[in-house]
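Below you'll find the structure, written out as C-alpha cells, and then a few comments.
There are 2 protein chains.
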Amino acid sequence: MNIVLLSGGSGKRLWPLSNDTRSKQFIKIFKTGEDEYESMVQRVYRQILSVDEQAEVTIATSKSQVSAIHNQLGEHVGISVEPCRRDTFPAIALASAYLHDVRGVREEDAVVVCPVDPYVEKDYFEALQQLGSRALMSEANLVLMGIEPTYPSAKYGYIIPEDTNVVSRVSVFKEKPTEEAAKDYIAQGALWNGGVFAFRLGYVLQRAHELIAFTGYQDLFDKYDTLTKISFDYAVVEHETQIEVMRFAGMWKDMGTWNTLTEAMASSSIGKAILNERCENVHVVNELNVPVLCMGIKDAVVAASPEGILVSDKNQSSYIKPFVDKIDQQIMFAEKSWGSFQVIDIEEGSMTIKVTLNPGHGMNYHSHELRDEVWTVIDGQGKTIVDGEVRQVGPGDVIRMPAGVAHTILAKTRLHVIEVQVGTEISVHDKKKLEMPCI
Amino acid sequence: MNIVLLSGGSGKRLWPLSNDTRSKQFIKIFKTGEDEYESMVQRVYRQILSVDEQAEVTIATSKSQVSAIHNQLGEHVGISVEPCRRDTFPAIALASAYLHDVRGVREEDAVVVCPVDPYVEKDYFEALQQLGSRALMSEANLVLMGIEPTYPSAKYGYIIPEDTNVVSRVSVFKEKPTEEAAKDYIAQGALWNGGVFAFRLGYVLQRAHELIAFTGYQDLFDKYDTLTKISFDYAVVEHETQIEVMRFAGMWKDMGTWNTLTEAMASSSIGKAILNERCENVHVVNELNVPVLCMGIKDAVVAASPEGILVSDKNQSSYIKPFVDKIDQQIMFAEKSWGSFQVIDIEEGSMTIKVTLNPGHGMNYHSHELRDEVWTVIDGQGKTIVDGEVRQVGPGDVIRMPAGVAHTILAKTRLHVIEVQVGTEISVHDKKKLEMPCI
C-alpha cells in the first residue's frame, strides 16, 4: 500500500501542548505502557505497519515538522516536504510527483491519501487497503472513504451515495450543514467525509500537469512558492464525475479539540496530577515537572506545558484558537532532528535553555553575532567543537562560546546540557550556519 | 504603640503560592500600583506605620521566616525569633521578654498582640491603639478585640460580652460553634474572636515566670525547645477572670483560604492571564512567566507558581491542605535575606536554579562536598570569592566551583545568576558554612 499522510496545521487548537513548531499530531498522549505514551503520528504509523508491514508511508508536510517526524518515526519514513503552505491540491500533487520520481511508484499503482490524525483502530487501515484495491480495479478515478455517521454533526462534510451498497457511486457532496440538514442527509443514507481517498497515481499526476506547468518533482518543488493556494476538493473533486464511495462503519474519531482528545485518554490524567473526589469529568495533561491539583471542578480539561496553562470547560475548549492567536510568546519547547530544547528561564538580556541531544546526533556547526553562550553538561557523554578544537565532555564540564565563535556539540550517549545565552539581542535569527571542520 | 505580630504557619492552605518556606503572609497579592503588589505582612506593616509612625513593631516568628521578613520589610523591624514552634503561649512569652530585655519596653507599658494576616483597613489599627490605651487604664488584665459578626460563621470562636457597651466585661468564650449555635450567640450579642488582645507587659511576664522557670530573654530563648506546646488561650485566658472586650465594627477579613483571599483581589487576575467572556467568578494568580488561559469556567480559582498549579472550585479551596501535605517535592522557590532563588530545572544528578541577589547583599561563604557548581552571571555587577580569590563579575562571566571549594557571590547592583549544580547527591544539607576570608 502506498499511503500519503497529510500532516498540517500549526495546531493552536490544542494549545498549550501544541504550538507553532509542535502540531497536535506530535503530542504524546496515548498510553502504550506504564508511563509510556505515543503521539497521534506514532500511533497511526504503528497501526499502518501492523496492517501492512510493506506499506510505503509518505508524510506530506511543511519544513517545520521534518525534525519532529524524524525524531518520532525515525529516519526511514518518506517525507514530501512542502517548501511553504499552499493548501491540499499542491501538497498532494507534490507528494504524487515525489512518489513517482523519487520513490519509483508507477502510474498504474494505487495511492491512498489520509489525514495524519484520525483516532481509529486497525480496521480503519484494513479499510484503507481495500480502498486502494478498489482504486486499482474501479472505473472511477477517485474512491472515497465514507464514514457511517453516529450523530447529526454540523462539524463534518457529508457524502451522499447513490445507493446503500458497500461501494457506491457518489450522488452529491454537502459541505458542513446545520444539525437539522445533517439529520435529513443521514436519513438519505449520507456518510461523513473523513478526508480519505484513493486513486491511481497517474490520474492525479495528469490533473496536476493540467493545472500546473512542471516537468517533474524537483521542478515542482522549486516553484512551489509560486503556486496558487487551492484545496484538492475545489481543484479536483468538484470537477470529477467518476467518484465512488466505500462505507466504513468502524470506530473513527476526529482529535481536533481538547474535548474530543480527552475522550481518547485511557485515564483521567497524564503527568503529575491530583484530582479530589469532588472532581467530575475532568482530564489533566501535565507536561510540567510540578503537580496540578484539581479540587471540585467539573467537565473541564486542564493542560499545562512550558508554553502555558489551559483551564477550560470541555465544550468551550473548541473556541480557544482566537485567544491563543493573540498570545505573543517565545517558543518554549521544540523537537529537533537532533533532540529537543526547552526554555527554562527568560530575562531581559538572557535566556536559559535545557538541550537534549539524542545519541549519535549533533547540532549544526554555527555561531552567533550578538550573544555569548555557556554550556554546562549535566548528563551523558559527547564532544564539543569550539573554534575548530575538539573536546570530550561529560557531566560538570563547562564550555564557553563568546559571540562570533563557531561551535557545536555531538552526543555519544543521550546528552543533557544547560545552555545560558547572554547578550543584548537574543533572537533565533542570530545564527550563522557554518561548514563542519574536517577533524 | 508596642505591637507584636504573630506570624505563623507553613501556609499550605494557599498552595502553590505558599510553601514550607513561604507562608501565605509573604505572597505579593495586593495591588499598590501598576504591576506592583504587596504581601499581607507588607500591607499590615504599612498600615500600622500610617496610623502610628512611632509604633514599635515586633514580629514573633520562626527562624525560617526571618529572611523573608527582612527581604519584605527591611532590616529595621523587630523580630522575636522562636528557635522552634511551641504554640502561642511560649511565643508570646518570648516576645514579651524580648520587648522588655532587648527593646527596653517597661512593665507598665501596653502591648498589643495581633495576627500578621488580617485583611483590614486603617480603622482596625486605630482600634488597636485604643485597645492599647484601654489596657493601660483598665482594671482588667486582658483587653480583647471583639469583631461584630456579619454572619453566623462556624469558622470563628465567639466572645459573649456582659453588655452592649463599646467596652464590656467578658461573660464567656465559645469555641467554633455550629451555624445554629452561632445564630443564638449572635442574638445574645456575641462577637468574633479575631485573636487580638492587649495587656500591660508586666502582666504577661508575670504569668510567664509563673509557668516557666527562666531568668530573662536569652535564657528563655536558649531553653525554648524544652518548653511544652500550649496556646495562650489555654495557658492564660482560661484562667483569667479580669477580661474586657472592646467592640470593632469595621471591615475585617480572614485571609485563610483561596476563597477569602480572592475576595480581596482588586482585579480578576494577577500575572499573565486571559479569561474568555464565558468565565464567571474566576480569579487567577499566576506567578509563572507563561500565560494561563481560562475558557468558560465558573466559581473557580486558578493559582500557578514554580511549585505547582491549583485549579479549584472556590468552595472546595478550603480543603486543599491534606492533598498538599501529600505532595513530596523539592522546594522550588524561596526568599532569602540576600534575595531569592528559583529552581528552573531538576534532573537526576543535576539541578539548575536562578539566583537573585539584592544590591549590597551576598551569600555565606560556603562549600559543598558532593556537587560541582557553575555560575553564569546574566545580569548585574558584583564580585565572587572562590577559594579566597576575589574577582569582579558581570553579564556573561562564568565561575566554576568544583566540590570542596569555598565560594560566595556578593552583589554590587541587583545580580541575576544561573547556577548549575552537578553531582551524584544534591541536597540542601550538603553545605558547609565557612568563615569569610579577610580580603
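Chains as they are written, first to last, in our numbering: chain S, 155 to 593; chain Z, 155 to 593.
Heads up, the beta-carbon is just placed ideally off N, CA and C, and yes, glycines get one too.
Owing to the predicted nature of the structure, the values given are computational and were not obtained by experimental measurement.
Three-state secondary structure (DSSP) of residue i
| i | result |
| --- | --- |
| Ile-485/S | coil |
| Gly-534/S | coil |
| Lys-178/S | helix |
| Thr-242/S | helix |
| Pro-597/Z | The requested residue 597/Z is not part of the displayed model; chain Z covers only 155 to 593. |
| Met-194/S | helix |
| Asn-413/S | helix |
| Tyr-278/S | helix |
| Tyr-312/Z | strand |
| Met-590/S | coil |
| Ala-418/S | coil |
| Gln-546/Z | strand |
| Ala-367/S | coil |
| His-561/Z | strand |
| Arg-432/Z | coil |
| Leu-171/S | coil |
| Gln-208/Z | coil |
| Gly-425/S | coil |
| Val-153/S | Residue 153/S lies beyond the stretch modelled for chain S, which goes from 155 to 593, so this question has no answer here. |
| Gly-286/Z | helix |
| Thr-382/S | coil |
| Tyr-273/Z | strand |
| Arg-260/S | coil |
| Met-291/S | helix |
| Ala-457/S | strand |
| Val-358/S | helix |
| His-437/Z | strand |
| Lys-337/Z | helix |
Neighbourhood of residue i by C-beta distance below 6 Å, restricted to the same chain and skipping five residues each side
| i | result |
| --- | --- |
| Asn-430/S | Met-449 |
| Thr-416/Z | His-437, Val-455 |
| Ile-424/S | Val-439 |
| Asp-499/Z | Thr-506 |
Residues of its chain near residue i, where Cβ-Cβ distance is below 8 Å and the 5 sequence neighbours each way are ignored
| i | result |
| --- | --- |
| Ala-281/S | Met-299, Met-400, Phe-402, Gly-404 |
| Ile-428/Z | Pro-445, Val-446, Leu-447, Cys-448 |
| Ser-491/Z | Val-220, Ser-221, His-224, Asn-225, His-515 |
Candidates the options, of which the one nearest residue i by Cα
| i | options | result |
| --- | --- | --- |
| Ala-245/S | Asp-387/S, Gly-425/S, Lys-452/S | Asp-387/S |
| Ser-218/Z | Asn-156/Z, Ile-233/Z, Val-446/Z | Ile-233/Z |
| Asn-225/S | Tyr-273/S, Asp-206/S, Thr-369/S, Ile-181/S | Ile-181/S |
| Val-259/Z | Pro-170/Z, Leu-359/Z, Ser-471/Z, Val-559/Z | Leu-359/Z |
| Asp-255/Z | Leu-171/Z, Ala-488/Z, Tyr-371/Z | Tyr-371/Z |
| Ser-459/S | Phe-327/S, Ile-183/S, Met-155/S, Gly-162/S | Ile-183/S |
| Lys-166/Z | Glu-489/Z, Glu-461/Z, Gly-577/Z | Glu-461/Z |
| Gln-484/Z | Ser-491/Z, Val-509/Z, Val-497/Z | Val-497/Z |
| Arg-239/Z | Thr-382/Z, Met-419/Z, His-570/Z, Phe-351/Z | Thr-382/Z |
| Phe-327/Z | Gly-228/Z, Ile-313/Z, Ala-457/Z | Ile-313/Z |
| Met-155/S | Phe-353/S, Ser-193/S, Pro-331/S | Phe-353/S |
| Tyr-519/Z | Ala-457/Z, Lys-587/Z, Val-270/Z | Lys-587/Z |
Classification of residue i by the beta-carbon crowding that lies within 10 angstroms, buried from 16 upward
| i | result |
| --- | --- |
| Glu-236/Z | buried |
| His-230/S | exposed |
| His-393/S | exposed |
| Thr-380/S | exposed |
| Ala-308/S | exposed |
| Tyr-310/Z | buried |
| Gln-342/Z | exposed |
| Pro-591/S | exposed |
| Glu-434/Z | exposed |
| Ser-204/Z | exposed |
Check: residue i C-beta below 7 Å from any heavy atom of the ligand SAM
| i | result |
| --- | --- |
| Gln-396/S | In the structure shown, the ligand SAM is absent, as is every other ligand, since no ligand is present at all. |
Neighbourhood of residue i by C-beta distance below 7 Å, restricted to the same chain and skipping five residues each side
| i | result |
| --- | --- |
| Ser-524/S | Looking at the sequence provided, one finds Leu at residue 524/S rather than Ser. Cβ within range, chain order: Ala-557, Gly-577, Thr-578, Glu-579, Asp-584. |
| Glu-262/S | Arg-354, Gly-356 |
| Leu-564/S | Gly-516, Gly-536, Lys-537 |
Contact set between the segment 524 to 552 of chain S and chain Z, restricted to residues whose Cβ is under 7 Å from the partner: Asp-526, Val-528, Thr-530, Ile-532, Asp-533, Pro-549, Gly-550, Val-552
Within 8 Å of chain S by C-beta, residues of the segment 461 to 478 of chain Z in sequence order: Glu-461, Gly-462, Ile-463, Leu-464, Val-465, Ser-466, Asp-467, Asn-469, Gln-470, Ser-471, Tyr-473, Ile-474, Phe-477, Val-478
Members of the segment 311 to 330 of chain Z near chain S, C-beta cut-off 9 Å: none
Proximal residues, the segment 202 to 217 of chain Z versus chain S, C-beta separation under 8 Å: none
Chain Z contacts from the segment 499 to 516 of chain S (Cβ-Cβ distance under 8 Å): Asp-499, Ile-500, Glu-501, Glu-502, Gly-503, Ser-504, Thr-506, Lys-508
Near-chain S residues of the segment 436 to 451 of chain Z - C-beta to any C-beta below 7 Å: Asn-443, Val-444, Pro-445, Val-446, Leu-447, Cys-448, Met-449, Gly-450, Ile-451
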